[in-house]
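*Asks:*
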Amino acid sequence: MTLQFSLATAAPETIDTACVVVGIYEGGVFSSAAARVDSAADGAIKRQVESGDISGKAGSSTVLFAPHGVKARRVLVVGLGTQKSFDAARYQKVNIEAVRALGRLPIDSAVSYLSEIDVPGRDAAWRVRTAVLAADHASYRYTATFKPREKSAQPELATLAFAGDSNSQARLDQAIAIAEGVRFARELANLPPNICNPAYIADQAKAFADGQDDKVSCNVLDHVEMEKLGFGSLLAVARGSVNKPKLVVLEYKGGNDGDKPYAFVGKGVTFDSGGISLKPGAGMEEMKFDMGGAAGVIGGFIAAVKMKLKLNLVCVVPTVENMPDGDSYRPSDVVTSLSGLTIEVLNTDAEGRLILCDALTYTAQTFQPHTIIDAATLTGACVIALGKHATGLMSKHDDLAAELLAAGDETLDRAWRLPLWDDYQAQLDSGFADIANIGGKSAGAITAACFLSRFTEGQRWAHLDIAGTAWDEGRKGLATGRPVSLLAQWLIDRCA
Ligand code: BES
Ligand code: MN
Ligand code: ZN
Numbered sequence: 002m003t004l005q006f007s008l009a010t011a012a013p014e015t016i017d018t019a020c021v022v023v024g025i026y027e028g029g030v031f032s033s034a035a036a037r038v039d040s041a042a043d044g045a046i047k048r049q050v051e052s053g054d055i056s057g058k059a060g061s062s063t064v065l066f067a068p069h070g071v072k073a074r075r076v077l078v079v080g081l082g083t084q085k086s087f088d089a090a091r092y093q094k095v096n097i098e099a100v101r102a103l104g105r106l107p108i109d110s111a112v113s114y115l116s117e118i119d120v121p122g123r124d125a126a127w128r129v130r131t132a133v134l135a136a137d138h139a140s141y142r143y144t145a146t147f148k149p150r151e152k153s154a155q156p157e158l159a160t161l162a163f164a165g166d167s168n169s170q171a172r173l174d175q176a177i178a179i180a181e182g183v184r185f186a187r188e189l190a191n192l193p194p195n196i197c198n199p200a201y202i203a204d205q206a207k208a209f210a211d212g213q214d215d216k217v218s219c220n221v222l223d224h225v226e227m228e229k230l231g232f233g234s235l236l237a238v239a240r241g242s243v244n245k246p247k248l249v250v251l252e253y254k255g256g257n258d259g260d261k262p263y264a265f266v267g268k269g270v271t272f273d274s275g276g277i278s279l280k281p282g283a284g285m286e287e288m289k290f291d292m293g294g295a296a297g298v299i300g301g302f303i304a305a306v307k308m309k310l311k312l313n314l315v316c317v318v319p320t321v322e323n324m325p326d327g328d329s330y331r332p333s334d335v336v337t338s339l340s341g342l343t344i345e346v347l348n349t350d351a352e353g354r355l356i357l358c359d360a361l362t363y364t365a366q367t368f369q370p371h372t373i374i375d376a377a378t379l380t381g382a383c384v385i386a387l388g389k390h391a392t393g394l395m396s397k398h399d400d401l402a403a404e405l406l407a408a409g410d411e412t413l414d415r416a417w418r419l420p421l422w423d424d425y426q427a428q429l430d431s432g433f434a435d436i437a438n439i440g441g442k443s444a445g446a447i448t449a450a451c452f453l454s455r456f457t458e459g460q461r462w463a464h465l466d467i468a469g470t471a472w473d474e475g476r477k478g479l480a481t482g483r484p485v486s487l488l489a490q491w492l493i494d495r496c497a
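Counting from 1 along the sequence shown, just add 1 to a position and that's the residue number in the numbering used here.
Written out as structure tokens, the structure reads:
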């Protein structure tokens with residue numbers, strides 16, 4: 002069930018709800034909402050602080066049931082950690098913990114005053130937006146492939162209001178739009194590859210477009226059309242799978258007719274076995290997330306449409322499955338890309354760049370875009386370099402890189418830049434084709450981007466390697482929905 006969000010303007014002690022949420026810092030420092038509730042309740046919170054029952058430690062929480070003098074049935078007191086170290090990341094964390102705690106209560110609605118807490122360097126609108134996205138993130142459950150559960154008798158949290166005045170309404174609406182994009186991306190990426198194959202991704206994109214007005218359209222190229230056009234590199238990757246490849250093209254005309262569109266391109270490998278250069282068995286199941294870039298850019302597209310941004314946007318998703326087969330492409334094959342450049346395949350597991358290069362060429366030729374941003378779970382090397390926290394950002398355009406870093410900072414969906422100097426290009430030299438598809442042991446994230454750069458010459462382009470950030474590791478690791486927030490914010494900033 003998706004949470005419904007709204008704004009609340011009443012005071013915390015007088016609001017009529019199943020639960021009010023207030024924050025308290027470590028060391029017994031009260032937020033203003035906590036102080037108001039406490040004084041109305043004749044020191045009920047204070048007594049629990051003095052007894053040691055409420056510590057204020059970040060993410061801890063305590064429920065007071067039906068305290069006297071307070072209209073709400075319950076008060077959830079959430080620990081904020083020390084006031085001195087309170088920052089944007091902590092704000093996000095406590096909002097997530099608050100929703101988890103609310104989820105354990107037998108209630109269907111609540112009002113949170115955490116959105117009133119001062120966050121250094123951020124304004125009230127940011128607080129509402131971030132709280133909504135954190136709450137939506139925390140309340141997401143993956144259920145698609147479980148046996149349907151009987152509806153439990155206990156009510157489930159369905160509506161959540163945040164303290165905020167009417168100035169925050171626009172930001173609330175924006176956050177709801179972005180949350181929809183994030184949810185779409187998470188759900189698509191979490192689905193197993195026997196459901197989420199290239200045709201499924203194409204169908205989902207079409208279904209979204211069909212539900213919108215005529216500013217939104219979706220066109221899907223199948224393998225026959227791609228053959229005619231010369232997508233030799235993408236089609237080589239697809240050859241080993243019975244699931245035929247697709248090129249999904251979404252267009253949104255929210256801007257003026259003549260305005261050049263912004264373009265997103267996302268890697269949509271619905272399962273990456275490595276192909277003939279087969280991956281080791283351990284952890285191979287995680288390669289169902291190898292369409293995280295596709296999910297992310299479609300999610301960003303959905304957010305843009307839902308926000309009704311006044312700009313033109315295209316979203317191009319090459320989607321294939323990379324499998325070993327008697328008809329698979331093989332190491333040492335030379336393929337001809339849509340751009341005409343020939344590529345020596347030295348490793349069939351470096352397949353992402355081989356589908357992206359044709360999609361990038363197609364995007365540049367077809368749309369003459371203002372800017373192209375691609376997102377891809379492209380390299381294990383990026384995970385080694387930056388871990389699970391930062392998306393790798395590579396671009397030759399300093400201004401574009403700065404825009405994307407800023408959007409990541411704003412949304413806490415952060416990226417970190419790696420160099421894309423031409424010094425690295427020589428690693429892609431081949432004796433048998435214009436370019437090789439791998440660049441050797443060192444700087445693997447960068448040489449992958451160097452490969453893509455050969456197909457974006459003359460374009461204002463940036464590459465996001467989300468191999469470390471698109472999903473949480475582990476057996477129960479879920480797709481994160483990154484980089485939907487970053488992309489959505491970048492588009493918002495383009496309209497400002
Ligand atoms: N999809 C993988 C990259 C990946 C690996 C993402 C692990 C997340 C976690 C990509 O297609 C791949 O296999 N890359 C190879 C490239 C190598 C053969 C040059 C890699 O990173 O090992
Ligand atoms: Mn691979
Ligand atoms: Zn891959």
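Cβ atoms here follow ideal geometry from the backbone N, Cα and C, with glycine treated the same way. Source: prediction; values computed, not measured.
Per the contact definition of three or more C-beta pairs closer than 8 Å, is the stretch 6-16 in contact with the stretch 31-42?
*Replies:* A contact exists between the stretch 31-42 and the stretch 6-16.
*Asks:* For A468, does the three-state DSSP call read helix, strand or coil?
*Replies:* As a working note, residue 468 is residue 467 in the sequence shown. Looking at A468 - three-state DSSP - the assignment turns out to be coil, as it is neither helix nor strand.
*Asks:* Of all the options V76, Q93 and V336, which has the alpha carbon lying nearest to the alpha carbon of G233?
*Replies:* Counted from its first residue, the sequence shown places residue 233 at position 232. That would be V336, whose Cα lies nearest to the Cα of G233.
*Asks:* Thinking just about the alpha-carbon of each residue, which of R418, A437 and A145 is nearest to the one in D334?
*Replies:* Translated into the one-based positions of the sequence shown, residue 334 becomes position 333. The option with the nearest alpha carbon to D334 is A437.
*Asks:* Within this structure, are the beta carbons of L279 and P325 separated by less than 7 Å?
*Replies:* As a first step, residue 279 is located in the sequence shown; it is residue number 278 there, counting from the start. As a first step, residue 325 is located in the sequence shown; it is residue number 324 there, counting from the start. In this structure, P325 lies closer than 7 Å to L279 by Cβ.
*Asks:* Where does A376 fall in DSSP's three states?
*Replies:* One-based indexing of the sequence shown puts residue 376 at position 375. Strand, per DSSP.
*Asks:* Are the Cβ atoms of G212 and G300 separated by less than 7 Å?
*Replies:* Numbered from 1 along the sequence shown, position 211 holds the residue referred to as residue 212. Numbered from 1 along the sequence shown, position 299 holds the residue referred to as residue 300. Not closer than 7 Å, so no.
*Asks:* In three-state DSSP terms, what is T146?
*Replies:* The sequence position of residue 146 within the sequence shown is 145, counting from 1. T146: coil per DSSP, three-state reduction.
*Asks:* Given L387, which residues of its chain have a CB within under 7 Å of its CB, disregarding the five upstream and five downstream residues?
*Replies:* The residue given as residue 387 occupies position 386 in the sequence shown. Answer for L387: G393, W417 and G469, listed in chain order.
*Asks:* Can you list, in chain order, the residues of its chain whose CB lies under 6 Å from that of H464, leaving out five sequence neighbours each side?
*Replies:* Working through the sequence shown from its first residue, we reach residue 464 at position 463. Taken in chain order, the residues that qualify are D375, M395, A450 and L453.
*Asks:* Does DSSP put R418 in a helix, a strand or coil?
*Replies:* Counting from one through the sequence shown, the residue named residue 418 turns up at place 417. Here R418 sits in strand by DSSP.
*Asks:* Under 8 Å by Cβ, that's how I've got S7 and E27 pegged, so tell me the actual separation to the nearest angstrom.
*Replies:* Mapped onto the sequence shown, residue 7 falls at position 6. Mapped onto the sequence shown, residue 27 falls at position 26. Going by Cβ atoms, the distance from S7 to E27 rounds to 30 Å, so no, they are not a contact pair.
*Asks:* Give me, in chain order, the residues of the same chain whose beta-carbon lies closer than 7 Å to that of L406; leave out the 5 immediate sequence neighbours on both sides.
*Replies:* Taking the sequence shown and counting its residues from 1, one reaches residue 406 at position 405. So the qualifying residues of the chain are L394, A416 and R418.
*Asks:* Quick check: what's the CA-CA separation for G381 versus V112?
*Replies:* Residue numbering aside, residue 381 sits at position 380 when the sequence shown is read from its first letter. Residue numbering aside, residue 112 sits at position 111 when the sequence shown is read from its first letter. Cα to Cα, the separation comes out at about 42 Å.
*Asks:* Bridge partners for C358 per DSSP, in chain order?
*Replies:* Position 357 of the sequence shown holds residue 358. DSSP output for C358 lists no bridge partner at all.
*Asks:* Suppose only complete runs of 3+ residues qualify. What are the beta strand (DSSP E) ranges in the stretch 219-259, listed by chain order?
*Replies:* List check, beta strand (DSSP E) in window: 247-254.
*Asks:* Spell out the partners DSSP gives R75 in its beta bridges.
*Replies:* Translated into the one-based positions of the sequence shown, residue 75 becomes position 74. DSSP lists F66 as partners of R75.
*Asks:* So is F87 buried or exposed if we call it buried at 16+ other beta carbons inside 10 Å?
*Replies:* Here residue 87 is taken as the residue at index 86 of the sequence shown, counted from 1. It is buried - the Cβ of F87 has at least 16 other Cβ atoms within 10 Å.
*Asks:* In whole angstroms, what separates the C-alpha of G475 from that of A190?
*Replies:* Here residue 475 corresponds to residue number 474 of the sequence shown, with the count starting at 1. Here residue 190 corresponds to residue number 189 of the sequence shown, with the count starting at 1. Roughly 15 Å separates the two Cα atoms.
*Asks:* With the cut-off set at 7 Å, would you say L161 and L347 are in Cβ contact?
*Replies:* Numbered from 1 along the sequence shown, position 160 holds the residue referred to as residue 161. Numbered from 1 along the sequence shown, position 346 holds the residue referred to as residue 347. Taking 7 Å as the Cβ cut-off, L161 and L347 do not qualify as a contacting pair.
*Asks:* Shortest alpha-carbon distance to A471 belongs to which of A264, F147, A295 and T131?
*Replies:* One-based indexing of the sequence shown puts residue 471 at position 470. The shortest Cα separation from A471 among A264, F147, A295 and T131 belongs to A295.
*Asks:* How far does the beta strand (DSSP E) with S113 in it extend, from its first residue to its last?
*Replies:* Stepping through the sequence shown from its first residue, residue 113 is reached at position 112. Run containing S113: S110 to S113, per the beta strand (DSSP E) assignment.
*Asks:* Just the Cα atoms here: how many angstroms apart are R130 and Y330?
*Replies:* Reading the sequence shown from its first residue, position 129 is the one you call residue 130. Reading the sequence shown from its first residue, position 329 is the one you call residue 330. If you take the alpha carbons of R130 and Y330, they lie about 46 Å apart.
*Asks:* Where does the unbroken alpha helix (DSSP H) through P199 begin, and where does it stop?
*Replies:* As a first step, residue 199 must be located in the sequence shown, where it is residue number 198. That run of the alpha helix (DSSP H) goes P199 to D211.
*Asks:* At a threshold of 6 Å, does E188 count as lining ligand 2 (C-beta to nearest heavy atom)?
*Replies:* Here residue 188 corresponds to residue number 187 of the sequence shown, with the count starting at 1. Incorrect: E188 has no Cβ contact closer than 6 Å to ligand 2.
*Asks:* DSSP beta-bridge partners for Q5?
*Replies:* Translated into the one-based positions of the sequence shown, residue 5 becomes position 4. Paired residues: T160.
*Asks:* Under 7 Å, do L312 and G275 count as touching if we go by C-beta distance?
*Replies:* Against the sequence shown, residue 312 aligns to sequence position 311. Against the sequence shown, residue 275 aligns to sequence position 274. No, Cβ-Cβ distance for L312 and G275 is not below 7 Å.
*Asks:* So the alpha helix (DSSP H) E181 belongs to, where does it begin and stop?
*Replies:* The residue labelled residue 181 in the question sits at position 180 within the sequence shown. That run of the alpha helix (DSSP H) goes Q170 to N191.
*Asks:* Where are the alpha helix (DSSP H) runs, 4 residues long or more, that stay fully inside the stretch 293-344, in chain order?
*Replies:* Listed in chain order, they are 293-307.
*Asks:* Where do the ends of the beta strand (DSSP E) carrying G24 lie?
*Replies:* For this step, residue 24 is matched to residue 23 along the sequence shown. Residues V21 to Y26.
*Asks:* Taking C-beta to C-beta, are L115 and N96 nearer than 7 Å?
*Replies:* The count along the sequence shown starts at 1 and reaches residue 115 at position 114. The count along the sequence shown starts at 1 and reaches residue 96 at position 95. Yes. Within cutoff.
*Asks:* Start and end of the alpha helix (DSSP H) containing G409?
*Replies:* Counting from 1 along the sequence shown, the entry for residue 409 is found at position 408. Counting along the chain, the alpha helix (DSSP H) containing G409 begins and ends at D399 to T412.
*Asks:* Could you check whether the Cβ of T470 sits closer than 6 Å to any heavy atom belonging to ligand 1?
*Replies:* To locate residue 470, count along the sequence shown from 1; it is residue 469. T470 Cβ: outside cutoff for every heavy atom of ligand 1.
*Asks:* Below 6 Å, is the gap between the Cβ of D410 and the nearest heavy atom of ligand 2?
*Replies:* One-based indexing of the sequence shown puts residue 410 at position 409. D410: no, Cβ never under 6 Å from ligand 2.
*Asks:* Hey, would you say the C-beta of D350 is under 6 Å away from at least one heavy atom of ligand 1?
*Replies:* One-based indexing of the sequence shown puts residue 350 at position 349. Flag set: Cβ of D350 near ligand 1.
*Asks:* CA-CA distance, G29 and K47?
*Replies:* On the sequence shown, residue 29 is found 28 positions in, with the first residue counted as 1. On the sequence shown, residue 47 is found 46 positions in, with the first residue counted as 1. Near 8 Å, if we compare the C-alpha coordinates of K47 and G29.
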